[in-house]
Structures are given as structure tokens and as C-alpha cells.
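Undergrad: Take any residue in the sequence shown, count from 1 to its spot, add 34: that is its number in this note's numbering.
Can you read through this structure? Questions will come right after.
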Amino acid sequence: MGSQARQVKPADEYSDLDVVLYTVEGFEQKSENYLQWLRDFAPVWMIVEDHGEATKGWLILYQGGVKVDFSVKSIGRLQRVIHEKRLRSEQERGYTILLDKDGIAAQLPAPTLFDPPPYTPPTQAQFITCVEGFYYGTVYLAKQLVRGNLWKVKWADQIQQRMLLEMLEWHAHATHNEPVDTYSRGDFMRDWVSETTWQELHSVFAHFDAEDSWHALLASIRLFRRLMEETSAKLDYDYPRKMVEEVTDYVLLEVR
35 MGSQARQVKP ADEYSDLDVV LYTVEGFEQK SENYLQWLRD FAPVWMIVED
85 HGEATKGWLI LYQGGVKVDF SVKSIGRLQR VIHEKRLRSE QERGYTILLD
135 KDGIAAQLPA PTLFDPPPYT PPTQAQFITC VEGFYYGTVY LAKQLVRGNL
185 WKVKWADQIQ QRMLLEMLEW HAHATHNEPV DTYSRGDFMR DWVSETTWQE
235 LHSVFAHFDA EDSWHALLAS IRLFRRLMEE TSAKLDYDYP RKMVEEVTDY
285 VLLEVR
């Protein structure tokens, strides 16, 4: 899966490998076996655990810089995909079957190699949650700046930027006439945001400096608000206008 199996914007020399092993129940008890198997391929620089609730995972960095994201999942999860006839988002852009002892993986639906994966717009509730989360973070960031807590500002800004990215993705889908691929975590962003947005994004990240952080926060507020208003209009959603006005005024006039 991942970039190595992608036909559009395929892997480059810096791309990692995403490998998933589907196996029988009880896989969670075999961690040492998997780790030894991973070490047998090549000299390892490091192995970082990345376990989920129903997944065993490791991030492996081999000598020379080759990175492999390896996960082990129950065969039941693969069977559900086959039963539902709907690939998961990480499978939609392409996958390669390396080993299929039981012929189960061969029953997977074909990926949409050249079309953007199916997209579902946010619900009204999800949209409001993102808006409220962003403006909550705006007040928090402003207060930390006044306190001079620059490290906490950088920490909180990472959370803030995730909500900005979510709105950027929704805006791109809402404002394009044709289906658009927003990929993951901002990949290839210049291809799916407008030139105006791209230029505005250059102002939303700050140095470890109070004044620069204020400029970045205000730029983020301006950009998020524009994206929010244009997206809400396209989706025919409302947003808490009074709250947005009052929070913005509070940050600009009382905290700043």
C-alpha cells in the first residue's frame, strides 16, 4: 500500500514502504517473532513501536535510511473489507499483494488507481466541531503568547494546524468542480489549493519568537475564516457567527 503502490504521483527515492500482514487470531502474542523477522532483512538503525487498539505496528528504519511501516492485523479485518466490497482509505490508491496463501486477498475490490478516492463531506456537526476547536485554540494560543510561554505556543500550534488542514481539505473538495485528491497530511498541497491560499499559508508558521508568533496566529485566523466562510456557503452550512466575531475581537482588542 501507500506510495509504492500508487500510480498517480508514485513513490520517489525518499518514499517508505507500507506493509500489512493479515494473520490468524492470536497475532498479538507473537511480537518477538515479528521483530526477529524484521531484523533478518537488513541491518536496523531503530524499531519504534506503533501499536493500535487492534493492530500491532512497528516503524523500522534500516541502515541507509530505508523506512518501513509494518503492521500486523487480524484476517477478520481483511475479510470485512471483502464482505463490504469497499476498500479502506489507505488501500484506495493502490496495493500490491505480496503473498496470498489462502487466496483471500485476491478477493479484494480493485483500487481506484487513477481517480481520487471516494469523498464524503463533513456533516454540519463535524463542521461546527472543527470551527469551535479552532477558535478555542486561538484564545489559548493568544493567552500563552501574552504569558511568554513560547514552547507551549509551538506545542498548541501543532494542534491548531491540524484543524486548519481539515478546513483546507474540505474547502478544496467544496470549491472544485471536479473530484479532487487531497491525499494525506497535506501531501502535494500546492496541487489542490488555490494560489491565493498557497501564498497565505506562508504566513501561518512562526519562528520561536513572540512577535512572529503573533503575526502567524493572526494570519491563521484570517485564512481559516475565509476558508470557513467559503466552505460553509458551498455546503449550505451555518456556523456560529457571533462566537467567531466575539472571539476574534477578544484576541485582537483585549489579549493582543
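Cβ coordinates follow ideal geometry from the N, Cα and C atoms, glycine included.
These numbers were taken from a predicted model, which means no experiment stands behind them.
Where does Phe258 sit, in a helix, a strand or coil, going by DSSP?
TA: Walking along the sequence shown from the start, residue 258 turns up at place 224. Helix.
Undergrad: Can you name, in chain order, every residue of its own chain whose Cβ lies under 7 Å from the Cβ of Met262, other than the five neighbours on each side?
TA: Walking along the sequence shown from the start, residue 262 turns up at place 228. Once the five neighbours on either side are set aside, the close Cβ partners of Met262 are Val165, Met201, Tyr273.
Undergrad: What's the gap between the Cα of Ile109 and the Cα of Ile131?
TA: In the sequence shown, the residue the question calls residue 109 occupies position 75. In the sequence shown, the residue the question calls residue 131 occupies position 97. The straight-line gap from Cα to Cα measures roughly 14 Å.
Undergrad: Going by the beta-carbon positions, is the gap between Arg290 and Ala176 smaller than 8 Å?
TA: Here residue 290 is taken as the residue at index 256 of the sequence shown, counted from 1. Here residue 176 is taken as the residue at index 142 of the sequence shown, counted from 1. Yes, they are a contact pair.
Undergrad: Does the Cβ of Gln178 have 16 or more other Cβ atoms within 10 Å, making it buried, or fewer, making it exposed?
TA: Your numbering for residue 178 matches position 144 in the sequence shown. Buried.
Undergrad: Would you call the region 93-113 and the region 76-83 touching, i.e. three or more CB-CB distances under 8 Å?
TA: Verdict: yes, contact present.
Undergrad: First and last residue of the alpha helix (DSSP H) that includes Phe75?
TA: Here the question's residue 75 lines up with position 41 in the sequence shown. Element bounds for Phe75: 65-75.
Undergrad: Using only the alpha-carbon positions, how far apart do Tyr170 and Asp283 sit?
TA: Your numbering for residue 170 matches position 136 in the sequence shown. Your numbering for residue 283 matches position 249 in the sequence shown. Those two C-alpha atoms are separated by around 13 Å.
Undergrad: Flag this pair as yes or no: are the beta carbons of Thr265 and Ala208 separated by less than 8 Å?
TA: Taking the first residue of the sequence shown as position 1, residue 265 is located at position 231. Taking the first residue of the sequence shown as position 1, residue 208 is located at position 174. Cβ distance < 8 Å, so Thr265 and Ala208 count as in contact.
Undergrad: I think Tyr129 touches Pro145, with their Cβ atoms under 8 Å apart; what is that distance to the nearest whole Å?
TA: By 1-based counting over the sequence shown, the position of residue 129 is 95. By 1-based counting over the sequence shown, the position of residue 145 is 111. Tyr129 to Pro145, Cβ: 6 Å. Contact.
Undergrad: I'd like to know whether the C-beta atoms of Met197 and Gly220 end up nearer to each other than 8 Å.
TA: Here residue 197 refers to the residue found at position 163 when the sequence shown is read from its first residue. Here residue 220 refers to the residue found at position 186 when the sequence shown is read from its first residue. It is not a contact, given that the beta carbons lie outside the stated cut-off.
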